[in-house]
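Here's the structure we're looking at; comments come further down.
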Amino acid sequence: MFERARKLIFLLVGFFVFSGFLMLADSAQAANSVVRGQAYWGNKGYIYFSCTDDVIGNRFDEVANLNGGTRYVAPAALLFHFYAEPCDKFVHGVEINTSNIFLGKAWNPSMGYISFEYDGVNAPPDYDFAAAHCPTCSTGTNCIACYDESDQSVYGYARIEYNGDWIKLNSTSSVPVKLQSNDLDPVLPGYSVSSGDFVGTASAGSFNDISFNCESEDYPGLGTCDTRQYKVYVKNLRLGRLSAPNWSYSSACTGNALQAVLRWGKLSGTQTAYEVIVNDSNVMSTTSGAFVCWSEKVNNPSATQYIISNSNPYCGNRLQYGTAYYWWIRAYDEENNPTEWYQYVSNSIADTDQNLDGNAMTFQTFKHEFPNPFFSWAPLEVMTGTTTTFTSDSYAYLTANPQLPVSCEPGRCSYFWTTTDADATIYATTSAVTGINFFTATNTRVTLSVTDAEGYVCSSSSPEFRVNYDLPIWHEIKAQ
Numbered sequence: 007m008f009e010r011a012r013k014l015i016f017l018l019v020g021f022f023v024f025s026g027f028l029m030l031a032d033s034a035q036a037a038n039s040v041v042r043g044q045a046y047w048g049n050k051g052y053i054y055f056s057c058t059d060d061v062i063g064n065r066f067d068e069v070a071n072l073n074g075g076t077r078y079v080a081p082a083a084l085l086f087h088f089y090a091e092p093c094d095k096f097v098h099g100v101e102i103n104t105s106n107i108f109l110g111k112a113w114n115p116s117m118g119y120i121s122f123e124y125d126g127v128n129a130p131p132d133y134d135f136a137a138a139h140c141p142t143c144s145t146g147t148n149c150i151a152c153y154d155e156s157d158q159s160v161y162g163y164a165r166i167e168y169n170g171d172w173i174k175l176n177s178t179s180s181v182p183v184k185l186q187s188n189d190l191d192p193v194l195p196g197y198s199v200s201s202g203d204f205v206g207t208a209s210a211g212s213f214n215d216i217s218f219n220c221e222s223e224d225y226p227g228l229g230t231c232d233t234r235q236y237k238v239y240v241k242n243l244r245l246g247r248l249s250a251p252n253w254s255y256s257s258a259c260t261g262n263a264l265q266a267v268l269r270w271g272k273l274s275g276t277q278t279a280y281e282v283i284v285n286d287s288n289v290m291s292t293t294s295g296a297f298v299c300w301s302e303k304v305n306n307p308s309a310t311q312y313i314i315s316n317s318n319p320y321c322g323n324r325l326q327y328g329t330a331y332y333w334w335i336r337a338y339d340e341e342n343n344p345t346e347w348y349q350y351v352s353n354s355i356a357d358t359d360q361n362l363d364g365n366a367m368t369f370q371t372f373k374h375e376f377p378n379p380f381f382s383w384a385p386l387e388v389m390t391g392t393t394t395t396f397t398s399d400s401y402a403y404l405t406a407n408p409q410l411p412v413s414c415e416p417g418r419c420s421y422f423w424t425t426t427d428a429d430a431t432i433y434a435t436t437s438a439v440t441g442i443n444f445f446t447a448t449n450t451r452v453t454l455s456v457t458d459a460e461g462y463v464c465s466s467s468s469p470e471f472r473v474n475y476d477l478p479i480w481h482e483i484k485a486q
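If you're matching positions, the sequence shown starts at 7 in the working numbering and goes up one per residue.
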């Protein structure tokens with residue numbers, strides 16, 4: 007249950023030196039998602055998800071809280087105001103823990119507390135949602151409501167403590183309650199919804215439905231935000247969807263193979279800056295000489311990726327070919343408060359490095375540079391009905407010297423020739439030298455793909471060239 011007052015006391019033991027600090031990779035503790043804002047409950051008013059946002063008393067100087075709207079003239083500042091300071095004596099709040107289970111209580115002036123967690127006595131009407139969306143949600147985990155990141159939806163129930171009625175969060179309304187945690191996959195396309203925002207409507211039985219965002223209140227209408235501004239949202243800055251190395255064969259062919267793109271997504275809150283650490287051991291450190299790359303604090307509110315290479319001065323030429331790396335990130339919110347450190351833990355065979363070491367906590371750099379396919383042809387003027395010879399002049403690289411190009415001797419490279427002219431005949435598609443016969447006068451290209459002994463493959467295409475008709479051979483014949 008959400009405690010009446012949560013007090014956190016941090017004891018920091020350690021030493022600091024000018025060159026940096028040393029931390030174990032698992033030293034950071036993930037924070038819960040703090041739910042803020044208010045939902046609209048028709049004639050019952052607003053449901054407040056944190057005592058910080060409570061409206062207690064009449065607050066005459068806030069026009070939005072006046073029954074008479076703008077017709078009421080606010081009293082002078084010296085006159086009596088009935089008012090209670092939020093979270094002074096009346097403490098409540100809702101959070102989502104790291105298992106995506108809701109905790110705590112919201113509050114409504116008409117109906118009182120609305121609980122989002124099991125009280126040990128009153129079980130919800132069902133757990134039909136749990137198996138498919140929240141396998142750990144049960145009375146054993148004090149769960150009656152949960153969040154499924156895969157479809158960004160909220161499932162389960164909340165309980166009105168006053169009368170014991172249940173509020174169904176995954177209702178059958180046009181927009182059930184959702185929490186957007188991925189701006190690349192909006193839960194309400196075309197509407198002003200950001201990561202961390204709730205949308206949708208919950209069913210409160212015989213009472214009015216409960217709307218979690220003015221943007222979705224009359225969906226598919228334009229929303230009601232011009233009439234009343236409200237939403238439920240996650241306040242604190244949280245990150246997720248860490249990925250690496252995001253450096254494909256095609257990227258390595260056109261650029262530097264010794265490179266990686268570290269990406270993350272903002273789940274909620276406001277990012278103003280970020281900080282990235284990369285190391286070849288599972289130790290997160292900014293002590294000089296004890297890390298591979300350290301970005302330091304980078305002020306960039308919109309950044310979602312960080313590129314590491316030996317041309318990056320914050321990597322100091324320390325990246326190595328064929329090496330596994332760990333990485334961490336933290337971000338800073340609008341008050342310059344850092345998040346906890348998030349560690350990359352999701353490498354798989356679907357990633358561009360194919361998780362060659364089988365360790366989900368690392369990504370791997372390529373073993374050497376990728377092959378350079380080059381070729382020439384003769385004669386330069388290509389004619390129909392004749393054979394044009396195409397010759398590979400390609401280079402490859404070896405693990406022993408990953409940046410030194412060597413010739414594609416037999417065993418080092420394999421070849422594959424193609425052309426955009428479907429009617430042409432390629433006599434040896436997998437040889438270093440081949441002949442191609444074009445039968446149609448047309449514009450065409452020829453492409454050579456070279457695969458090295460490691461399986462790295464790159465392709466190179468000729469400029470588009472014109473295949474012309476060969477001129478006929480004329481013979482003079484004397485008249486008889």
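We treat Cβ as the ideally placed atom computed from N, Cα and C, and that holds for glycine.
Measure the C-alpha to C-alpha separation of residue i and residue j and round it to an integer number of angstroms.
i    : j    : result
Q265 : S382 : 30 Å
Y403 : N342 : 46 Å
Y319 : A430 : A small correction: the amino acid at residue 319 is Pro; Tyr does not occupy that position in the sequence shown. Cα to Cα, the separation comes out at about 50 Å.
T310 : M290 : 20 Å
A37  : R165 : 25 Å
N306 : N323 : 24 Å
Q349 : Y332 : 8 Å
A250 : V240 : 27 Å
A138 : N176 : 13 Å
T104 : S39  : 8 Å
N252 : S315 : 13 Å
I118 : G227 : Note on identity: in this sequence residue 118 is Gly, with Ile being the wrong assignment. Those two C-alpha atoms are separated by around 31 Å.
N49  : D94  : 27 Å
L325 : S200 : 36 Å
S468 : P182 : 55 Å
Y401 : F422 : 15 Å
M7   : L109 : Residue placement at M7 is poorly supported in this model, since its pLDDT is 42, which falls under 50; the coordinates still yield a value, given next. Approximately 6 Å between the Cα atoms of the pair.
S466 : N378 : 8 Å
N71  : I150 : In this prediction, N71 scores a pLDDT of 44, lower than 50, which makes its location untrustworthy; the coordinate-derived value is nonetheless stated afterwards. Roughly 32 Å between the two C-alpha positions.
Report buried or exposed for residue i, applying the criterion of at least 16 other Cβ atoms within 10 angstroms of its Cβ.
i    : result
E470 : exposed
Y161 : buried
G1   : Within the shown structure, residues of the chain are numbered from 7 to 486, placing residue 1 beyond reach of any answer.
T260 : exposed
Q186 : buried
P195 : exposed
N474 : exposed
G202 : buried
D60  : buried
R42  : buried
A406 : exposed
V205 : buried
L190 : exposed
S301 : buried
I353 : Per the sequence shown, the amino acid found at residue 353 is Asn instead of Ile. The residue in question, N353, is buried, as its Cβ has 16 or more Cβ neighbours within 10 Å.
S450 : The question names Ser, yet the displayed sequence has Thr at residue 450. Buried: at least 16 other Cβ atoms inside 10 Å.
Quick one: residues in its chain with C-beta nearer than 8 Å to the C-beta of residue i, no 5 flanking neighbours on either side, listed in chain order?
i    : result
D224 : T230
C220 : Y46, G229, T230, C231, T233, R234, Q235, Y236, K237
V351 : L248, A366, M367
G417 : A459
How is residue i classed by DSSP in three states: helix, strand or coil?
i    : result
Y338 : strand
T142 : coil
N49  : helix
D59  : helix
T147 : helix
C464 : strand
T104 : coil
C152 : strand
T329 : coil
T276 : coil
T457 : strand
C2   : No answer is possible for residue 2: the residues shown for the chain start at 7 and end at 486.
N474 : strand
A438 : coil
A2   : Summary: the structure shown does not reach residue 2, with the chain confined to residues 7 through 486, and so no result is reported for it.
Taking 6 Å as the cut-off, does the CB of residue i come closer than this to any heavy atom belonging to the ligand MN?
i    : result
N169 : No copy of the ligand MN occurs in the structure displayed, which carries no ligand at all.
Residues in the same chain with beta-carbon distance under 7 Å from residue i, minus the five sequence neighbours each way, listed in chain order, please.
i    : result
D215 : S179, T207, A208, S209
E375 : A263, Y403, P408, Q409
Y327 : L264, T371, F372, K373, H374, P408
S121 : K111, A164, R165, E167
Among the residues of its own chain, which have a CB less than 6 Å from the CB of residue i, if the five just before and after it don't count?
i    : result
T345 : L243, R336, A337
W334 : I283, M290, W347, Q349
T457 : S420, V463
I313 : V267
Does the segment 374-393 come into contact with the segment 286-304, if we say contact requires no fewer than three beta-carbon pairs (one atom in each stretch) closer than 8 Å?
The answer is no - the segment 286-304 does not touch the segment 374-393, with fewer than three Cβ pairs under 8 Å.
Does the segment 434-444 come close enough to the segment 355-362 that 3 or more CB-CB pairs lie under 8 Å?
Segments in contact, no.
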